[in-house]
Ligand code: SF4
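Residue numbers (my numbering): 12 to 704.
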């Protein structure tokens with residue numbers, strides 16, 4: 012059977028500029044302009060007409076043309092020729108690859124399709140290439156469902172139980188705030204366009220306070236930095252509430268009219284005087300009092316929370332506690348007051364139209380949590396688990412590098428009886444373990460449509476160049492596989508452009524998207540000025556009956572880490588693993604120009620912790636715990652607080668020092684809400700490795 016790409020190719024013109032959208036997992040969702048000369052992308056720039064982008068891209072995506080035309084792009088289907096994990100492959104035709112993959116998946120599905128697992132995340136944030144034809148395919152097949160938890164579910168749930176959804180301030184109005192708390196976010200590295208707005212506010216006299224366990228580039232540029240211990244954000248938020256209450260820096264009218272559970276929260280917060288929180292957080296009492304005073308007395312005050320805070324056991328509670336603060340002071344009354352973690356709940360995406368859950372018919376497949384892929388690949392069949400996972404189809408993700416507790420993940424991928432297909436641009440750590448690698452198009456080669464989680468504009472991405480080599484879009488690959496499997500439902504014939512139109516239906520003007528590349532949503536400037544929270548009560552829920560009904564704490568509380576620094580003599584240091592500035596999760600690590608800037612995998616240590624172990628700046632160190640061991644170089648650069656080490660990620664294992672990365676050490680333990688990962692809830696020991704550099 013011959014397969015014809017359904018992506019609409021860009022017109023062949025000598026020179027053209029094409030509007031698109033950045034596909035990466037970043038709150039900014041920039042509008043792109045790609046300059047194409049003779050069929051080749053020569054430049055990717057920010058679209059100056061899009062206010063949120065302002066014509067500026069980060070250093071990573073400025074190199075998107077380099078990435079797209081990279082010499083190591085996978086341009087043909089590849090079939091494994093060496094032992095599993097050897098990374099040895101030979102080109103095969105699409106026909107051979109698709110026929111064999113369909114045959115093998117069909118054989119497994121004939122026994123139990125739940126033994127097939129899709130594995131994907133936000134390698135592209137595009138609704139078409141990330142969550143449309145792929146979902147239709149797996150729904151029709153009856154494959155296991157995947158709980159896509161690896162980044163944001165704890166915080167998302169925390170917001171949902173408090174505000175009613177992933178909603179908050181419009182990012183542009185941070186420019187008018189007088190006080191901005193940048194909480195758990197290295198904005199300069201991972202929310203650049205917000206940082207530009209915060210800078211504007213600073214120039215206009217606003218005070219910026221950063222709350223982060225690491226002294227990030229952002230923390231350095233704020234007026235004050237509270238360098239708390241990882242996983243203690245809820246304790247700090249509760250102490251701030253304590254001070255707001257005892258000093259009566261409260262908006263009683265707002266509390267009475269627009270919140271639920273005030274008396275219960277009041278009692279909870281009064282258990283947290285600054286002295287208690289200071290002990291837990293590793294801050295001074297005066298720092299907490301000062302922050303509470305500023306927050307209680309400055310109007311408008313705004314909080315830019317980011318997902319760093321929710322990567323610990325109590326991540327959901329931490330977000331809940333922070334999300335209560337603006338309702339206590341009535342900060343929501345002004346458009347420059349309130350908070351923002353994610354704006355994605357504002358986007359009216361028609362997921363049913365994209366994903367077609369009706370293709371499941373009356374089947375309810377089991378759900379696998381992507382965070383526990385290490386354990387789950389090693390499980391045998393059982394009544395509780397269901398069938399052993401026999402086939403894995405990975406796209407938009409690099410789990411061998413990014414999933415926690417990678418020794419187990421690697422053992423799982425190494426199973427001889429596991430059939431693995433990977434859709435990719437490059438031969439990543441995960442692709443090394445594939446039976447087939449299928450060449451996927453980049454954002455410059457396909458249609459897509461986007462939401463954002465740091466602003467409220469819908470973006471359209473048009474293909475700027477033809478698919479490189481034999482690459483096909485993800486949607487096309489699943490369309491082709493569906494045809495091979497004999498799926499005849501008409502939805503499998505929808506083109507990528509048609510899928511773009513289905514994503515929002517009539518709710519967004521597609522002609523406007525075609526015309527200018529973006530379309531702002533009609534969201535109010537001050538969404539909760541008069542309450543109207545989309546919770547069951549319509550109020551900001553300090554007390555959540557939904558949590559109580561699950562037997563969980565209905566009030567926000569401090570939930571200690573699974574692994575508390577200092578509690579184990581064997582592994583006394585807390586470790587967090589924030590992203591290296593020039594990588595985006597594990598994307599871009601293979602770009603030499605960006606890797607040259609990052610240098611090598613680093614472990615930031617406080618000089619006291621280093622000297623106690625005889626470790627000098629730049630020394631090769633071994634970082635280890637009960638799960639694994641990882642080698643990298645010590646950096647005594649002033650960014651780590653005592654008792655905490657920062658291991659910057661996420662390096663590809665094969666590009667690191669000894670074929671490992673930081674996820675050798677992270678655990679598969681889950682958060683209090685949302686079954687999310689706890690990457691920043693991890694204890695380790697560090698020692699000098701034998702060799703020094
Ligand atoms: S990664 Fe973020 S800042 Fe960089 S271009 Fe994409 S959306 Fe913009």
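Built from N, CA and C at the ideal position, the CB exists for glycine as well.
Going by Cα to Cα distance, which pick from the options is closest to residue i?
| i | options | result |
| --- | --- | --- |
| residue 363 | 87, 39, 150 | 150 |
| residue 732 | 147, 430, 139, 589 | Shown here, the chain extends from 12 to 704; a query on residue 732 therefore has no answer. |
| residue 75 | 188, 41, 88, 530 | 41 |
| residue 288 | 330, 240, 79, 374 | 240 |
| residue 616 | 654, 593, 581 | 654 |
| residue 170 | 579, 678, 355 | 355 |
| residue 509 | 392, 365, 46 | 365 |
| residue 7 | 418, 176, 403, 670 | Because the chain in this structure spans residues 12 to 704, residue 7 falls outside the shown range and cannot be described. |
| residue 163 | 698, 699, 648, 689 | 689 |
| residue 167 | 44, 328, 511 | 328 |
| residue 49 | 598, 25, 272, 250 | 25 |
| residue 676 | 649, 214, 634 | 634 |
| residue 63 | 528, 663, 546 | 528 |
| residue 234 | 495, 226, 219, 260 | 219 |
| residue 322 | 700, 678, 699 | 678 |
| residue 687 | 146, 161, 124, 102 | 161 |
| residue 721 | 485, 85, 649 | Residue coverage of the chain in this structure runs from 12 to 704, which leaves residue 721 outside it and unanswerable. |
| residue 176 | 568, 398, 464, 260 | 464 |
| residue 221 | 214, 229, 342 | 229 |
| residue 257 | 225, 267, 304 | 304 |
| residue 217 | 211, 223, 189, 227 | 189 |
| residue 85 | 301, 376, 250, 479 | 479 |
Grab me the residues of residue i's own chain with a C-beta within less than 7 angstroms of its C-beta, minus the 5 sequence neighbours each way, in chain order.
| i | result |
| --- | --- |
| residue 159 | 132, 381 |
| residue 705 | The chain is shown from 12 up to 704; residue 705 falls before or after that span and cannot be answered. |
| residue 699 | 624, 625, 626, 630, 632 |
Since residue i and residue j should fall inside the 8 angstroms C-beta cutoff, what is the C-beta to C-beta distance between them, to a whole number of angstroms?
| i | j | result |
| --- | --- | --- |
| residue 88 | residue 105 | 6 angstroms |
| residue 95 | residue 536 | Not confirmed; about 55 angstroms, so no contact. |
| residue 705 | residue 173 | Lying outside 12 to 704, the shown extent of the chain, residue 705 is not represented and no answer is given. |
| residue 83 | residue 601 | 7 angstroms |
| residue 672 | residue 612 | 7 angstroms |
| residue 313 | residue 348 | 6 angstroms |
| residue 111 | residue 489 | Rounded, the Cβ-Cβ distance is 16 angstroms, inconsistent with contact. |
| residue 485 | residue 429 | Going by Cβ atoms, the distance from residue 485 to residue 429 rounds to 21 angstroms, so no, they are not a contact pair. |
Looking at residue j and residue i, is the spacing between their C-beta atoms short of 8 angstroms?
| i | j | result |
| --- | --- | --- |
| residue 119 | residue 126 | yes |
| residue 643 | residue 614 | yes |
| residue 11 | residue 277 | The structure shown does not extend to residue 11, since the chain is modelled only from 12 through 704, so no value can be given for it. |
| residue 651 | residue 629 | no |
| residue 32 | residue 472 | yes |
| residue 724 | residue 378 | Shown here, the chain extends from 12 to 704; a query on residue 724 therefore has no answer. |
| residue 237 | residue 298 | yes |
| residue 412 | residue 661 | yes |
| residue 296 | residue 285 | yes |
| residue 608 | residue 593 | yes |
| residue 573 | residue 414 | no |
| residue 165 | residue 685 | yes |
| residue 317 | residue 352 | yes |
| residue 499 | residue 663 | no |
| residue 511 | residue 460 | yes |
Under 8 angstroms Cβ to Cβ from residue i, same chain only, skipping five residues before and after it: list those, please.
| i | result |
| --- | --- |
| residue 604 | 74, 77 |
| residue 275 | 553, 554, 565, 566 |
| residue 427 | 95 |
| residue 475 | 21, 27, 29, 31, 45, 47, 52, 455, 456 |
Output needed for residue i: all residues of its chain with C-beta closer than 6 angstroms, excluding positions within five of it in sequence on either side, in chain order.
| i | result |
| --- | --- |
| residue 46 | 28, 53, 54 |
| residue 291 | 243, 246 |
| residue 108 | 88, 447 |
| residue 531 | 468 |
| residue 404 | 129, 432 |
| residue 34 | 135, 136, 137, 454 |
| residue 319 | 195 |
| residue 79 | 52, 453, 455 |
| residue 358 | 462 |
| residue 56 | 44 |
Can we say the region 201-211 touches the region 532-544, given the rule of at least three CB pairs closer than 8 angstroms?
no
Say whether the region 576-596 touches the region 687-696, bearing in mind that this needs 3 or more beta-carbon pairs closer than 8 angstroms, one atom from each stretch.
yes
Are the region 417-431 and the region 384-399 touching, with three or more C-beta to C-beta distances below 8 angstroms?
yes
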